[in-house]
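Asks: Quick one: this structure, given as structure tokens, is what I'll be asking you about.
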Amino acid sequence: MVSVLRRFSLVEGISTLVLFLIAMPLKYVVGYPMAVTYVGWVHGVLFVGLWLMFLTVAGMRKIPFLLALLGMFAAIFPFGPFLIDGRLRKFDAKSPNIP
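Heads up: the sequence shown is residues 1087 to 1185, going by this note's numbering.
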């Protein structure tokens, strides 16, 4: 379950970067606001899903609750999901097989 959380966190982190580095410049530089509408919606769903997944995995006692809170806090920042991955890897029994 921790490996699923790690992958989901990676996808959410990538969605944040796509929002900030692609969609927002399309809106403010090119004048195409629909990019932020769609990418922002997808990112929002992934963000809420990541928070729920952290709570679920912590509730299953696969990771400590404080690590789940740290992961939820880290998800607020653009590179947070990538930074928290190292701590999650310690609790992932399959970490050597995950690229």
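By construction, the Cβ of each residue, glycine as well, lies at the ideal position given by its N, Cα and C atoms.
(1) What do you reckon, are the CB atoms on Gly1099 and Pro1150 nearer than 7 Å?
(2) By Cβ distance below 7 Å, which residues in the same chain neighbour Met1110 in space, the five residues on each side in sequence not counted?
(3) Are the stretch 1132–1141 and the stretch 1087–1097 in contact at 8 Å, needing three or more beta carbon pairs?
(4) Measure the Cβ-Cβ separation of Asp1186 and Val1088 and say whether it is below 7 Å.
(5) Taking the alpha carbon of Gly1157 as the point to measure from, which residue in Met1139, His1129 and Val1125 has its own alpha carbon closest?
(6) Write down the C-beta distance between Leu1188 and Ala1161 rounded to the nearest angstrom, noting that I regard them as a contact closer than 8 Å.
(7) Just confirm the distance between the C-beta atoms of Leu1152 and Arg1173, as a whole number of angstroms; I'd bet it's less than 8 Å.
Replies: Let's see:
(1) Along the sequence shown, read from residue 1 onward, the residue named residue 1099 stands at position 13. Along the sequence shown, read from residue 1 onward, the residue named residue 1150 stands at position 64. Result no, Cβ atoms of Gly1099 and Pro1150 do not sit closer than 7 Å.
(2) As a position in the sequence shown, residue 1110 is number 24, starting the count at 1. So the qualifying residues of the chain are Val1122.
(3) yes
(4) Lying before the first or after the last residue shown, residue 1186 is absent from the chain, which here runs from 1087 to 1185.
(5) Reading the sequence shown from its first residue, position 71 is the one you call residue 1157. The option with the nearest alpha carbon to Gly1157 is Met1139.
(6) The requested residue 1188 is not part of the displayed model; the chain covers only 1087 to 1185.
(7) In the sequence shown, the residue the question calls residue 1152 occupies position 66. In the sequence shown, the residue the question calls residue 1173 occupies position 87. About 10 Å separates the two Cβ atoms, so there is no contact after all.
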